[in-house]
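The block underneath contains the structure these notes are about, expressed in structure tokens.
In the working numbering, the protein residues as written are 35 to 207.
Pasting the structure below:
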């Protein structure tokens, strides 16, 4: 199952050293390493036995990452009725307005040496992620890149202060 860093506070930030990629049109971004870690996190959540795939929402601000995650979950068994991930929702932040799930898994995508966070800098996107989770929130991202933005730096400082970095997940296969 998923090991929360603090069982009294079901939040976790999973640091991922991935690399962001831009799609052919140069419009959207994805991060394969982060997508693979999302699959691993969802599998850990489902292994606990008290959550169904439709209890989990996977969100990313980038449509490119939504496509990458969809491809990955389809390859891992599929999300159609009767398949292992039936009912699992994978959506963009903007497509998630007003919906709630037991657990939200948020893939931030951005990972670069320039410290560019793009429209992740819009704090409302972080707000959507944080306020849609009923029982647990797991964010995945590249802390070094995210710390270049004031809102994300504050959030990561809070995560660090409360020891919610899930390094054990980062280093698991």
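Think of the CB as a built atom: it goes at the ideal place given N, C-alpha and C, for glycine as much as any other residue.
Fair warning: this is a prediction, and the values are worked out from it, not measured in the lab.
Legend entry - For residue 148 and residue 210, the rounded distance between their alpha carbons: Look at the range of the chain in this structure, 35 to 207, and you will see that residue 210 is not part of it.
Legend entry - Whole-angstrom C-beta distance between residue 160 and residue 185, which should lie under 8 Å: Locating residue 185 in the chain shown gives position 151, counting from the first residue. Locating residue 160 in the chain shown gives position 126, counting from the first residue. So it is a contact: roughly 6 Å between Cβ atoms.
Legend entry - CB contact flag (residue 209, residue 47, <8 Å): Residue 209 is absent from the model: the chain starts at 35 and stops at 207.
Inset, instruction - Would you list, in sequence order, the uninterrupted alpha helix (DSSP H) runs of no fewer than 4 residues that lie entirely inside the segment 50-85? - result: 66-81
Legend entry - Residue of 138, 36, 101 minimising C-alpha distance to residue 82: Locating residue 82 in the chain shown gives position 48, where the first residue counts as 1. The residue with the shortest Cα to Cα distance from residue 82 is 36.
Legend entry - Length of the line joining the Cα atoms of residue 156 and residue 84: Residue mapping note: residue 156 aligns to position 122 of the chain shown, counting from 1. Residue mapping note: residue 84 aligns to position 50 of the chain shown, counting from 1. Rounded to whole angstroms, residue 156 to residue 84 spans 34 Å at the Cα level.
Inset, instruction - State the Cα-Cα distance for the pair residue 71 and residue 59, rounded to the nearest angstrom. - result: Start at 1 with the first residue of the chain shown, and residue 71 comes out as number 37. Start at 1 with the first residue of the chain shown, and residue 59 comes out as number 25. Each residue's Cα considered, the two are about 25 Å apart.
Inset, instruction - Could you tell me the distance, in whole angstroms, from the CA atom of residue 123 to the CA atom of residue 195? - result: As a first step, residue 123 is located in the chain shown; it is residue number 89 there, counting from the start. As a first step, residue 195 is located in the chain shown; it is residue number 161 there, counting from the start. Taking the straight line from one Cα to the other gives about 31 Å.
Legend entry - Candidates 75, 187, 126: closest to residue 63 by CA position: Taking the chain shown and counting its residues from 1, the one referred to as residue 63 is at position 29. Answer by Cα proximity: 126.
Legend entry - Contacting residues, own chain, Cβ-Cβ under 7 Å from residue 78 (five flanking each side not counted): Mapped onto the chain shown, residue 78 falls at position 44. Here the set comprises 35, 36.
Legend entry - Extent of the continuous beta strand (DSSP E) to which residue 175 belongs: Locating residue 175 in the chain shown gives position 141, counting from the first residue. 167-175 is the span of the beta strand (DSSP E), which, as asked, contains residue 175.
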